[in-house]
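Colleague: Dumping the structure here so I can ask a few things about it.
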Amino acid sequence: MLKKTLFFAMLVAQIQAGTLDGVVVAITDGDTLKMLTNDKREIKIRLAKIDAPEKTQAFGQASKKALSDICFSKPLHVEIETIDRYGRTVGTVTCKGVNANLKQIENGMAWVYVKYSKDKKFIEEEQKAKEKKVGLWSEPTATPPWEYRRVKPSRTTS
1 MLKKTLFFAM LVAQIQAGTL DGVVVAITDG DTLKMLTNDK REIKIRLAKI
51 DAPEKTQAFG QASKKALSDI CFSKPLHVEI ETIDRYGRTV GTVTCKGVNA
101 NLKQIENGMA WVYVKYSKDK KFIEEEQKAK EKKVGLWSEP TATPPWEYRR
151 VKPSRTTS
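1 is the number of the first residue of the sequence shown in full-length UniProt numbering; add one for each residue after it.
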């Protein structure tokens, strides 16, 4: 019980602090990574405002690799938005000065997650990627991950 209490106290402290700094130690998929904070805590981070293809979906592995190219083993800064229902910290991730969330959209490696974001910059960049047929937009029948999950639900979430 004490461990659970301490864990939730740490989560609340994270949210109140609003930011995290550290290094990326793993890439789970195109919108999720693991970081090691400067105080040596491993935390799973979900990139806010975007939804990348699932690992088993077309462009799933390409999206994961794209995020890896942007962030893996690099210092990062996270602007925390919330903790999701899976216990992941959700936020804007900056790796060596690059907004990874926006870069995934620009590279055509994720959709704007319109259920959770109406950010005009993200919507504009998604439209540019569509027009250029970049990444997943090169596939005319690309299926958004939220539709893919509805048809083929997984047992676990990254």
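All C-beta atoms, glycine included, are put in the ideal place defined by N, C-alpha and C.
Have a look at SER138 and ASP21 and give me their C-alpha separation to the nearest angstrom.
Modeller: On the sequence shown, position 138 is the one that residue 138 refers to. On the sequence shown, position 21 is the one that residue 21 refers to. One C-alpha to the other measures close to 35 Å.
Colleague: Would you call ASP39 buried or exposed, if buried means 16 or more other Cβ atoms sit within 10 Å of its Cβ?
Modeller: Along the sequence shown, one-based indexing puts residue 39 at 39. With fewer than 16 other Cβ atoms within 10 Å, it is exposed.
Colleague: Start and end of the beta strand (DSSP E) containing LEU47?
Modeller: Counted from its first residue, the sequence shown places residue 47 at position 47. Note, LEU47: beta strand (DSSP E), 42-47.
Colleague: In the DSSP assignment, the beta strand (DSSP E) including ALA26 goes from what residue to what residue?
Modeller: Along the sequence shown, one-based indexing puts residue 26 at 26. That run of the beta strand (DSSP E) goes 19-29.
Colleague: Looking at the structure shown, is LYS65 part of a helix, part of a strand, or coil, going by DSSP?
Modeller: For the purposes of this step, residue 65 is identified with residue 65 of the sequence shown, where counting begins at 1. It is helical.
Colleague: Taking 8 Å as the threshold (C-beta atoms), are ILE80 and THR32 in contact?
Modeller: Residue mapping note: residue 32 aligns to position 32 of the sequence shown, counting from 1. Residue mapping note: residue 80 aligns to position 80 of the sequence shown, counting from 1. No, the Cβ-Cβ distance between THR32 and ILE80 is not below 8 Å.
Colleague: Smallest Cα separation from ILE45: which of ALA110, ALA52, LEU67, GLY91?
Modeller: Residue 45 sits at position 45 when you count from the first residue of the sequence shown. Nearest of ALA110, ALA52, LEU67, GLY91 to ILE45, Cα basis: GLY91.
Colleague: Mapping DSSP to helix, strand and coil, what is GLU139?
Modeller: Position 139 of the sequence shown, counted from the start, is the residue given in the question as residue 139. It is coil, neither helix nor strand.
Colleague: Give every residue of the same chain whose Cβ lies closer than 7 Å to the Cβ of VAL98, excluding the five residues on either side of it in the sequence, and list them in chain order.
Modeller: Sequence index remark: in the sequence shown, residue 98 carries index 98 (1-based). If we look at VAL98 and ignore the five residues flanking it on each side, its Cβ neighbours are ILE70.
Colleague: For ALA66, collect the residues of the same chain with a Cβ closer than 7 Å to its Cβ; drop the 5 residues on either side in sequence, then sort them by chain order.
Modeller: In the sequence shown, the residue the question calls residue 66 occupies position 66. Closer than 7 Å at Cβ, skipping near neighbours: GLY30, GLN104, ASN107, MET109.
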